[in-house]
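Letter 309 of the sequence shown, counting from 1, is numbered 309 in full-length UniProt numbering, and no numbers are missing.
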Amino acid sequence: MPGLTTLPAFPEDVPTHPLFVIDYQLVKAGDEHEVNKLWRAATELGFWYLKNHDVNEEVDEMFEMGRETLALPLEEKMCFEQGDNGFSFGYRAAGMQFMDERGTPDVTEFINVSKDDALAWPAPVHRTYPSTVEARMESVIKPFVQKSLAINHFLINVLNDKLGLPKGALAALHKADEHSGCTARVIRAPPHEGLQTKLFLTAHTDFGSLSFLHNRLGGLQVLPPGSDKWFYVKPLPGHAICNIGDALNIFSGGILRSNIHRVVPPPGEQAKYERWSLVFFTRPNDPVELRALSDQSAAIAESVAKAPSGKYEPGVTAQQWLARRVGSQRRVHYTGPESWRNREGTEDTPIPGGGYV
1 MPGLTTLPAF PEDVPTHPLF VIDYQLVKAG DEHEVNKLWR AATELGFWYL
51 KNHDVNEEVD EMFEMGRETL ALPLEEKMCF EQGDNGFSFG YRAAGMQFMD
101 ERGTPDVTEF INVSKDDALA WPAPVHRTYP STVEARMESV IKPFVQKSLA
151 INHFLINVLN DKLGLPKGAL AALHKADEHS GCTARVIRAP PHEGLQTKLF
201 LTAHTDFGSL SFLHNRLGGL QVLPPGSDKW FYVKPLPGHA ICNIGDALNI
251 FSGGILRSNI HRVVPPPGEQ AKYERWSLVF FTRPNDPVEL RALSDQSAAI
301 AESVAKAPSG KYEPGVTAQQ WLARRVGSQR RVHYTGPESW RNREGTEDTP
351 IPGGGYV
């Protein structure tokens with residue numbers, strides 16, 4: 001897989017949205033200015049760049065694992081397919097998910113490795129994986145998962161305190177040694193030349209708490225609050241992109257923003273290349289009830305009081321929320337435009353045009 005130095009530059013003539021650049025080492029050191037920047041990023045757009053995270057070596061190795069795995073014959077990969085019932089771990093082939101009200105199939109494939117399986121290796125927790133995954137579980141995947149967990153948990157703890165929650169309130173909902181939907185995912189999208197699709201990943205909010213993303217090409221777009229126009233997020237070498245997911249949005253009573261985003265083909269000359277991305281999704285433990293923590297924070301209680309009744313009380317566990325959102329996107333469950341609406345998360349802005357580009 002080509003590295004950033006051999007790929008075409010991101011074009012300068014496409015609309016981009018600026019993100020705060022957060023220095024992880026400064027946040028860890030308790031730098032007040034950096035913590036306040038993180039807070040603004042998490043509450044205004046819900047997206048930010050993260051630098052000095054010290055995971056670049058593991059990221060390169062994870063991309064190599066993904067390249068080897070997704071190069072396997074389709075018949076072999078399909079032995080590890082996720083299935084149609086909301087189970088998120090394993091392989092997902094292209095064309096298994098629909099992307100809009102018309103049921104248009106997607107063109108990307110990916111491998112999902114469970115945090116629980118990585119940390120418990122070699123004992124299986126949820127499932128087995130292709131040989132290329134299992135060969136790198138101890139040396140590559142487990143270190144990446146451990147570092148990603150540490151970073152996301154630290155950032156969540158910082159946001160916990162800014163929300164006025166008791167120390168460790170959010171941490172208690174994200175215990176590393178308890179089962180959850182936390183996942184490391186490597187995604188491959190084909191070169192765009194000759195393809196009819198204008199979407200690689202449909203407009204959505206993320207299912208969990210905090211996502212830790214590493215891109216090699218452009219294509220990620222955000223829909224800023226109050227806007228009906230999409231903007232690219234430019235990939236920066238050595239910088240991760242972090243974003244808030246539905247669970248933190250719900251726990252915070254809407255204070256932390258889970259923003260709509262999508263992935264389109266890379267712009268300009270980058271469209272000629274395969275698009276690879278790597279993400280670690282931190283999600284709450286499976287039995288955790290998704291609800292606003294208004295009984296533990298005056299700020300959250302105030303935010304909930306201003307929202308429509310029940311908005312932050314979906315009445316499901318984290319595991320049920322994930323299973324619904326994963327399963328409802330499978331093409332086998334598509335029956336018409338209502339299927340598109342059934343897959344929604346915490347969006348407070350209608351997705352333009354039923355997801356069409």
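Yeah, the Cβ is synthetic: ideal placement off N, Cα and C, and Gly gets one too. Remember, it's a predicted structure, so these values are computed and weren't measured experimentally.
| Asked | Found |
| --- | --- |
| What do you get for residue 259, buried or exposed, if any count of 16 or more other CB atoms within 10 angstroms of its CB means buried? | buried |
| What three-state label does DSSP hand residue 262 in the structure shown? | strand |
| Would you kindly check if the distance between the Cβ of residue 282 and the Cβ of residue 210 is under 9 Å? | yes |
| Residue ranges of each beta strand (DSSP E) run of no fewer than 3 residues wholly in the UniProt domain "Fe2OG dioxygenase" (178 to 284), ordered along the chain? | 183 to 189, 201 to 204, 210 to 215, 220 to 222, 240 to 244, 261 to 263, 275 to 282 |
| Taking the Cβ atom as the reference point for each residue, do residue 134 and residue 188 lie within a distance shorter than 9 Å? | no |
| Would you check if the distance between the CB atom of residue 71 and the CB atom of residue 192 is smaller than 9 Å? | no |
| According to DSSP, is residue 10 helix, strand or coil? | coil |
| Between the beta-carbon of residue 47 and the beta-carbon of residue 244, is there less than 9 Å? | yes |
| Can you say whether residue 30 is buried or exposed, counting buried as having 16 or more other CB atoms within 10 angstroms of its CB? | exposed |
| Do residue 16 and residue 233 come within 9 Å of each other at the CB atom, strictly closer than that value? | yes |
| Hey, residue 24 and residue 52 are a contact pair by Cβ (cut 8 Å); roughly how many whole angstroms apart? | 5 Å |
| In or out: residue 335 buried (at least 16 other Cβ within 10 Å) or exposed? | exposed |
| Near residue 296, what residues of its chain come up, given a Cβ to Cβ distance below 7 Å and the 5 sequence neighbours on each side ignored? | 165, 166, 169 |
| Helix, strand or coil for residue 113? Go by DSSP, reduced to three states. | strand |
| Could you spell out where the alpha helix (DSSP H) holding residue 70 opens and where it closes? | 56 to 70 |
| Look at the Cβ atom of residue 290, then the Cβ atom of residue 323, and state whether they are nearer than 9 Å. | no |
| May I ask you to verify whether the region 83 to 100 touches the region 325 to 333, counting CB pairs closer than 8 Å and requiring at least 3? | yes |
| Could you tell me the distance, in whole angstroms, from the CA atom of residue 68 to the CA atom of residue 61? | 11 Å |
| Could you please give the first and the last residue of the uninterrupted alpha helix (DSSP H) stretch that includes residue 175? | Where residue 175 is concerned, there is no enclosing alpha helix (DSSP H), given that its DSSP letter is neither H nor E. |
| With a threshold of 9 Å between beta carbons, is residue 304 in contact with chain B? | The question asks about chain B, but that chain is absent: this structure has only one protein chain. |
| So residue 255 and residue 303 are in contact, right, with Cβ under 8 Å, and what is the actual spacing, rounded? | 5 Å |
| For residue 161, does the three-state DSSP call read helix, strand or coil? | helix |
| To the nearest whole angstrom, what separates the beta carbons of residue 171 and residue 153, a pair I think is in contact under 8 Å? | 7 Å |
| Under three-state DSSP, which class holds residue 81? | strand |
| Drop a sphere of 10 angstroms on the beta-carbon of residue 204, count the other beta-carbons inside from all chains shown, and report buried for 16 or more, exposed for fewer. | buried |
| Hey, is the region 211 to 230 in contact with the region 123 to 142, meaning 3+ C-beta pairs nearer than 8 Å? | no |
| Give me the Cα-Cα distance between residue 190 and residue 107, rounded to the nearest whole angstrom. | 7 Å |
| In whole angstroms, what is the alpha-carbon distance linking residue 82 and residue 175? | 24 Å |
| Just checking my contact of residue 429 with residue 178 at CB under 8 Å: how many whole Å lie between their CB atoms? | With the chain covering only 1 through 357, there is no way to say anything about residue 429. |
| Residues bridged to residue 97 by DSSP? | 330 |
| Hey, could you find the ends of the beta strand (DSSP E) residue 92 is sitting in? | 90 to 92 |
| Relative to the C-alpha of residue 202, which residue among 76, 89, 185, 221 is closest? | 221 |
| Are residue 219 and residue 158 touching if we call contact CB-CB under 9 Å? | no |
| Label residue 36 either buried or exposed according to how many other C-beta atoms from any shown protein chain fall within 10 Å of its C-beta, with 16 as the threshold for buried. | exposed |
| Under the three-state reduction of DSSP, which class applies to residue 50: helix, strand or coil? | strand |
| Short of 7 Å in beta carbon distance, which residues of its chain neighbour residue 5, apart from the five on each side in sequence? Order them along the chain. | Only weak support is given to the placement of residue 5: the predicted model assigns it a pLDDT of 48, under 50, and the question is left unresolved by the model. |
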